[in-house]
(Lines of atoms letter the chains of each structure in order from A and count residues from 1; the text may use other names and numbers.)
(Lines give C-alpha, C1' and ligand atoms only; values in the text may rest on other atoms or scores of the structure.)
Protein backbone atom coordinates (compact mmCIF):
# COMPACT_ATOMS: atom_id res chain seq x y z
CA UNK A 1 0.00 0.00 0.00
CA UNK A 2 1.46 3.37 -1.02
CA UNK A 3 2.29 6.17 1.37
CA UNK A 4 -0.73 8.31 0.45
CA UNK A 5 -3.17 5.51 -0.39
CA UNK A 6 -6.40 5.02 1.56
CA UNK A 7 -6.86 1.70 3.38
CA UNK A 8 -9.33 -0.57 1.64
CA UNK A 9 -12.77 -0.50 3.26
CA UNK A 10 -13.83 -4.11 3.65
CA UNK A 11 -17.48 -5.01 3.03
CA UNK A 12 -19.70 -5.56 6.05
CA UNK A 13 -22.89 -7.60 6.08
CA UNK A 14 -25.77 -5.29 6.99
CA UNK A 15 -27.42 -7.75 9.34
CA UNK A 16 -29.98 -5.32 10.73
CA UNK A 17 -31.37 -4.30 7.33
CA UNK A 18 -31.46 -7.92 6.15
CA UNK A 19 -33.14 -8.98 9.40
CA UNK A 20 -35.84 -6.32 9.08
CA UNK A 21 -36.45 -7.23 5.44
CA UNK A 22 -36.79 -10.94 6.24
CA UNK A 23 -39.02 -10.51 9.29
CA UNK A 24 -41.31 -8.18 7.36
CA UNK A 25 -41.66 -10.85 4.68
CA UNK A 26 -42.81 -13.40 7.23
CA UNK A 27 -45.93 -11.32 7.86
CA UNK A 28 -46.74 -9.70 4.53
CA UNK A 29 -45.36 -9.24 1.04
CA UNK A 30 -45.95 -6.49 -1.49
CA UNK A 31 -48.13 -6.93 -4.56
CA UNK A 32 -44.98 -7.50 -6.58
CA UNK A 33 -44.84 -11.02 -5.16
CA UNK A 34 -48.30 -12.07 -6.34
CA UNK A 35 -46.80 -13.95 -9.28
CA UNK A 36 -45.19 -16.23 -6.68
CA UNK A 37 -48.51 -17.17 -5.11
CA UNK A 38 -47.93 -20.77 -6.24
CA UNK A 39 -44.53 -20.75 -4.50
CA UNK A 40 -45.56 -20.09 -0.91
CA UNK A 41 -43.44 -22.88 0.61
CA UNK A 42 -40.43 -21.51 -1.28
CA UNK A 43 -40.98 -18.00 0.08
CA UNK A 44 -41.13 -19.39 3.61
CA UNK A 45 -38.04 -21.53 3.04
CA UNK A 46 -35.99 -18.66 1.58
CA UNK A 47 -36.86 -16.41 4.51
CA UNK A 48 -36.51 -19.00 7.28
CA UNK A 49 -33.26 -20.41 5.91
CA UNK A 50 -31.80 -16.90 5.54
CA UNK A 51 -32.61 -16.22 9.19
CA UNK A 52 -31.02 -19.55 10.09
CA UNK A 53 -27.79 -18.70 8.26
CA UNK A 54 -27.67 -15.34 10.03
CA UNK A 55 -28.32 -17.09 13.37
CA UNK A 56 -31.41 -14.92 13.89
CA UNK A 57 -34.18 -16.77 15.77
CA UNK A 58 -37.59 -17.04 14.11
CA UNK A 59 -40.01 -15.01 16.28
CA UNK A 60 -41.97 -17.40 18.51
CA UNK A 61 -45.25 -15.66 17.62
CA UNK A 62 -44.73 -16.37 13.90
CA UNK A 63 -43.79 -20.06 14.11
CA UNK A 64 -47.37 -21.37 14.59
CA UNK A 65 -48.48 -19.33 11.56
CA UNK A 66 -45.72 -20.80 9.38
CA UNK A 67 -46.62 -24.33 10.48
CA UNK A 68 -50.33 -23.74 9.88
CA UNK A 69 -49.67 -22.23 6.46
CA UNK A 70 -47.62 -25.25 5.40
CA UNK A 71 -50.25 -27.55 6.85
CA UNK A 72 -52.77 -25.97 4.46
CA UNK A 73 -50.35 -26.71 1.58
CA UNK A 74 -50.05 -30.36 2.65
CA UNK A 75 -52.13 -32.84 0.66
CA UNK A 76 -53.53 -36.27 1.43
CA UNK A 77 -50.97 -37.68 -1.05
CA UNK A 78 -48.19 -36.82 1.40
CA UNK A 79 -46.73 -34.12 -0.82
CA UNK A 80 -47.08 -30.34 -0.65
CA UNK A 81 -48.56 -27.95 -3.18
CA UNK A 82 -47.40 -24.43 -3.94
CA UNK A 83 -50.39 -23.08 -1.99
CA UNK A 84 -53.61 -24.25 -0.29
CA UNK A 85 -55.66 -26.51 -2.55
CA UNK A 86 -52.89 -26.90 -5.14
CA UNK A 87 -51.65 -30.29 -6.36
CA UNK A 88 -48.59 -31.91 -4.82
CA UNK A 89 -45.37 -30.91 -6.59
CA UNK A 90 -41.79 -31.99 -5.90
CA UNK A 91 -40.35 -28.46 -5.73
CA UNK A 92 -42.64 -26.97 -3.03
CA UNK A 93 -42.51 -30.31 -1.21
CA UNK A 94 -38.73 -29.94 -0.91
CA UNK A 95 -39.12 -26.35 0.32
CA UNK A 96 -41.87 -27.25 2.80
CA UNK A 97 -39.99 -30.19 4.32
CA UNK A 98 -36.84 -28.09 4.69
CA UNK A 99 -38.77 -25.24 6.32
CA UNK A 100 -40.40 -27.59 8.83
CA UNK A 101 -37.03 -29.15 9.66
CA UNK A 102 -35.46 -25.71 10.19
CA UNK A 103 -38.27 -24.84 12.63
CA UNK A 104 -37.36 -28.12 14.29
CA UNK A 105 -40.24 -28.76 16.70
CA UNK A 106 -42.32 -31.96 17.10
CA UNK A 107 -45.36 -30.02 15.86
CA UNK A 108 -43.50 -29.05 12.68
CA UNK A 109 -41.96 -32.47 12.06
CA UNK A 110 -45.30 -34.22 12.63
CA UNK A 111 -46.83 -32.58 9.56
CA UNK A 112 -44.47 -34.67 7.41
CA UNK A 113 -46.22 -38.01 6.80
CA UNK A 114 -43.18 -40.00 5.72
CA UNK A 115 -45.11 -43.11 4.69
CA UNK A 116 -47.50 -41.26 2.40
CA UNK A 117 -44.70 -39.01 1.18
CA UNK A 118 -42.61 -42.06 0.23
CA UNK A 119 -45.56 -43.63 -1.60
CA UNK A 120 -46.21 -40.39 -3.50
CA UNK A 121 -42.55 -40.01 -4.45
CA UNK A 122 -42.51 -43.60 -5.68
CA UNK A 123 -45.62 -42.92 -7.79
CA UNK A 124 -43.69 -40.19 -9.64
CA UNK A 125 -40.81 -42.49 -10.58
CA UNK A 126 -40.61 -43.65 -14.19
CA UNK A 127 -39.07 -46.83 -15.57
CA UNK A 128 -35.97 -44.98 -16.83
CA UNK A 129 -35.12 -43.79 -13.32
CA UNK A 130 -36.38 -40.24 -13.74
CA UNK A 131 -39.07 -38.53 -11.67
CA UNK A 132 -42.04 -36.44 -12.71
CA UNK A 133 -42.21 -33.08 -10.92
CA UNK A 134 -45.92 -33.82 -10.40
CA UNK A 135 -48.45 -36.22 -11.91
CA UNK A 136 -48.74 -35.51 -15.65
CA UNK A 137 -45.94 -32.98 -15.22
CA UNK A 138 -42.51 -32.36 -16.71
CA UNK A 139 -39.41 -34.47 -16.28
CA UNK A 140 -35.92 -33.15 -15.65
CA UNK A 141 -32.99 -33.77 -13.37
CA UNK A 142 -34.58 -31.77 -10.55
CA UNK A 143 -36.69 -34.88 -10.08
CA UNK A 144 -33.51 -37.01 -10.21
CA UNK A 145 -32.15 -38.23 -13.54
CA UNK A 146 -28.58 -38.91 -12.45
CA UNK A 147 -25.75 -39.95 -14.74
CA UNK A 148 -27.69 -40.17 -18.02
CA UNK A 149 -27.75 -36.36 -18.13
CA UNK A 150 -23.98 -36.04 -17.73
CA UNK A 151 -22.74 -33.92 -20.66
CA UNK A 152 -19.46 -34.17 -22.56
CA UNK A 153 -18.32 -31.03 -20.68
CA UNK A 154 -18.49 -32.78 -17.32
CA UNK A 155 -21.56 -31.00 -15.96
CA UNK A 156 -25.20 -32.09 -16.05
CA UNK A 157 -28.13 -30.87 -18.11
CA UNK A 158 -31.87 -31.18 -17.38
CA UNK A 159 -32.24 -34.24 -19.63
CA UNK A 160 -29.80 -36.33 -21.70
CA UNK A 161 -27.91 -34.53 -24.51
CA UNK A 162 -28.73 -31.04 -23.21
CA UNK A 163 -26.23 -28.32 -22.23
CA UNK A 164 -24.67 -28.55 -18.77
CA UNK A 165 -26.15 -26.18 -16.18
CA UNK A 166 -25.13 -25.31 -12.62
CA UNK A 167 -28.48 -25.93 -10.95
CA UNK A 168 -28.97 -29.31 -12.59
CA UNK A 169 -25.35 -30.28 -11.93
CA UNK A 170 -25.85 -29.66 -8.21
CA UNK A 171 -29.08 -31.71 -8.21
CA UNK A 172 -27.27 -34.57 -9.95
CA UNK A 173 -24.17 -34.81 -7.76
CA UNK A 174 -26.18 -34.22 -4.57
CA UNK A 175 -28.67 -36.96 -5.54
CA UNK A 176 -25.91 -39.41 -6.42
CA UNK A 177 -24.18 -38.64 -3.10
CA UNK A 178 -27.41 -39.33 -1.22
CA UNK A 179 -27.65 -42.64 -3.10
CA UNK A 180 -24.08 -43.36 -2.04
CA UNK A 181 -22.77 -44.10 -5.54
CA UNK A 182 -20.95 -41.63 -7.78
CA UNK A 183 -18.97 -44.28 -9.63
CA UNK A 184 -20.81 -43.71 -12.90
CA UNK A 185 -19.53 -40.17 -13.50
CA UNK A 186 -16.18 -38.49 -14.12
CA UNK A 187 -15.66 -36.46 -10.98
CA UNK A 188 -12.51 -34.86 -12.39
CA UNK A 189 -14.40 -33.56 -15.44
CA UNK A 190 -17.21 -32.22 -13.23
CA UNK A 191 -14.64 -30.49 -10.99
CA UNK A 192 -12.98 -28.90 -14.03
CA UNK A 193 -16.30 -27.76 -15.54
CA UNK A 194 -17.48 -26.31 -12.22
CA UNK A 195 -14.27 -24.40 -11.50
CA UNK A 196 -14.37 -22.92 -15.01
CA UNK A 197 -17.77 -21.37 -14.25
CA UNK A 198 -16.17 -18.88 -11.82
CA UNK A 199 -15.45 -15.66 -13.70
CA UNK A 200 -12.15 -13.87 -13.08
CA UNK A 201 -13.44 -10.29 -13.27
CA UNK A 202 -16.64 -10.55 -11.21
CA UNK A 203 -15.49 -13.39 -8.95
CA UNK A 204 -18.95 -14.96 -9.08
CA UNK A 205 -20.23 -18.01 -10.93
CA UNK A 206 -22.13 -18.30 -14.19
CA UNK A 207 -24.76 -21.00 -14.65
CA UNK A 208 -23.69 -22.07 -18.14
CA UNK A 209 -20.81 -21.47 -20.52
CA UNK A 210 -20.73 -17.93 -21.97
CA UNK A 211 -23.46 -16.65 -19.62
CA UNK A 212 -23.43 -13.79 -17.11
CA UNK A 213 -22.70 -14.38 -13.43
CA UNK A 214 -25.61 -14.62 -11.00
CA UNK A 215 -25.45 -14.72 -7.20
CA UNK A 216 -27.66 -17.83 -7.03
CA UNK A 217 -24.87 -19.84 -8.68
CA UNK A 218 -22.60 -19.07 -5.75
CA UNK A 219 -24.57 -21.89 -4.18
CA UNK A 220 -25.50 -24.10 -7.15
CA UNK A 221 -21.95 -24.17 -8.51
CA UNK A 222 -20.14 -23.53 -5.24
CA UNK A 223 -21.91 -26.34 -3.37
CA UNK A 224 -20.75 -28.88 -5.95
CA UNK A 225 -17.14 -28.38 -4.87
CA UNK A 226 -17.35 -29.59 -1.23
CA UNK A 227 -19.38 -32.60 -2.42
CA UNK A 228 -16.63 -33.42 -4.91
CA UNK A 229 -14.07 -32.82 -2.18
CA UNK A 230 -15.76 -35.49 -0.06
CA UNK A 231 -15.50 -38.04 -2.86
CA UNK A 232 -12.07 -37.12 -4.22
CA UNK A 233 -10.25 -36.95 -0.88
CA UNK A 234 -8.48 -40.26 -0.06
CA UNK A 235 -10.37 -42.40 2.47
CA UNK A 236 -7.61 -42.17 5.07
CA UNK A 237 -7.88 -38.36 5.05
CA UNK A 238 -11.67 -38.05 5.18
CA UNK A 239 -13.41 -36.57 8.19
CA UNK A 240 -17.03 -36.78 9.31
CA UNK A 241 -17.48 -33.05 8.85
CA UNK A 242 -16.60 -32.99 5.14
CA UNK A 243 -20.13 -32.85 3.76
CA UNK A 244 -21.95 -30.44 6.10
CA UNK A 245 -20.84 -27.19 4.46
CA UNK A 246 -22.24 -24.51 2.12
CA UNK A 247 -24.90 -22.09 0.83
CA UNK A 248 -24.04 -18.98 -1.16
CA UNK A 249 -21.86 -16.70 0.94
CA UNK A 250 -21.60 -19.41 3.60
CA UNK A 251 -19.82 -21.80 1.23
CA UNK A 252 -17.09 -19.24 0.62
CA UNK A 253 -16.50 -19.02 4.37
CA UNK A 254 -16.51 -22.68 5.42
CA UNK A 255 -14.38 -25.42 3.90
CA UNK A 256 -13.18 -28.78 5.14
CA UNK A 257 -9.79 -27.53 6.27
CA UNK A 258 -10.30 -23.92 7.29
CA UNK A 259 -12.67 -21.01 7.78
CA UNK A 260 -12.30 -17.76 5.84
CA UNK A 261 -14.42 -14.69 6.60
CA UNK A 262 -13.75 -11.69 4.38
CA UNK A 263 -14.10 -8.42 6.25
CA UNK A 264 -15.55 -8.06 9.73
CA UNK A 265 -16.07 -11.17 11.88
CA UNK A 266 -19.77 -10.30 12.00
CA UNK A 267 -19.93 -11.30 8.32
CA UNK A 268 -19.65 -14.98 9.24
CA UNK A 269 -22.69 -17.10 8.44
CA UNK A 270 -23.76 -20.43 9.86
CA UNK A 271 -22.62 -23.47 7.84
CA UNK A 272 -25.38 -25.26 5.97
CA UNK A 273 -25.53 -28.97 5.11
CA UNK A 274 -24.43 -29.14 1.50
CA UNK A 275 -26.80 -31.96 0.49
CA UNK A 276 -29.97 -30.67 2.16
CA UNK A 277 -29.26 -26.92 2.32
CA UNK A 278 -30.46 -26.42 5.87
CA UNK A 279 -28.40 -26.04 9.03
CA UNK A 280 -26.32 -29.04 10.11
CA UNK A 281 -28.01 -29.03 13.53
CA UNK A 282 -31.46 -28.94 11.90
CA UNK A 283 -30.58 -32.08 9.93
CA UNK A 284 -29.34 -33.86 13.06
CA UNK A 285 -32.43 -32.98 15.11
CA UNK A 286 -34.82 -34.09 12.35
CA UNK A 287 -33.00 -37.40 11.88
CA UNK A 288 -33.05 -37.99 15.63
CA UNK A 289 -36.80 -37.33 15.77
CA UNK A 290 -37.70 -39.57 12.82
CA UNK A 291 -35.55 -42.44 14.12
CA UNK A 292 -38.40 -43.08 16.57
CA UNK A 293 -40.74 -44.05 13.72
CA UNK A 294 -40.78 -46.97 11.25
CA UNK A 295 -38.90 -46.57 7.98
CA UNK A 296 -41.45 -45.91 5.18
CA UNK A 297 -42.14 -48.92 2.97
CA UNK A 298 -43.76 -49.18 -0.45
CA UNK A 299 -44.16 -51.76 -3.20
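In UniProt numbering, the protein residues as written are 1 to 299. Built from N, CA and C at the ideal position, the CB exists for glycine as well. Note that the structure is predicted; figures quoted are calculated from it, not measured.
Under the Cβ criterion (8 Å, minimum of three pairs), the region 27–45 counts as touching the region 83–91. When C-beta atoms of the region 282–295 are compared with those of the region 92–112, three or more pairs fall below 8 Å, so the two segments count as touching.
DSSP links residue 213 through a beta bridge to 206.
Two segments are said to touch when three or more pairs of C-beta atoms, one from each, lie closer than 8 Å; by this definition the region 154–161 touches the region 186–199. DSSP places residue 201 outside both helix and strand once states are collapsed to three, so it counts as coil. For residue 51, the secondary structure class from DSSP, reduced to helix, strand or coil, is helix. DSSP, reduced to helix, strand and coil, places residue 231 within a helical segment of the structure shown. In the DSSP assignment, residue 99 falls within the alpha helix (DSSP H) that extends over 90–103. Across the structure, residue 296 and residue 14 are spaced so that their CA atoms are roughly 44 Å apart.
Less than 7 Å separates the beta-carbon of residue 25 from that of residue 47. Note on geometry: alpha-carbon atoms of residue 118 and residue 43 lie some 24 Å from one another.
The C-beta distance from residue 132 to residue 270 rounds to 34 Å, too long to fall under 8 Å, and the pair is not in contact.
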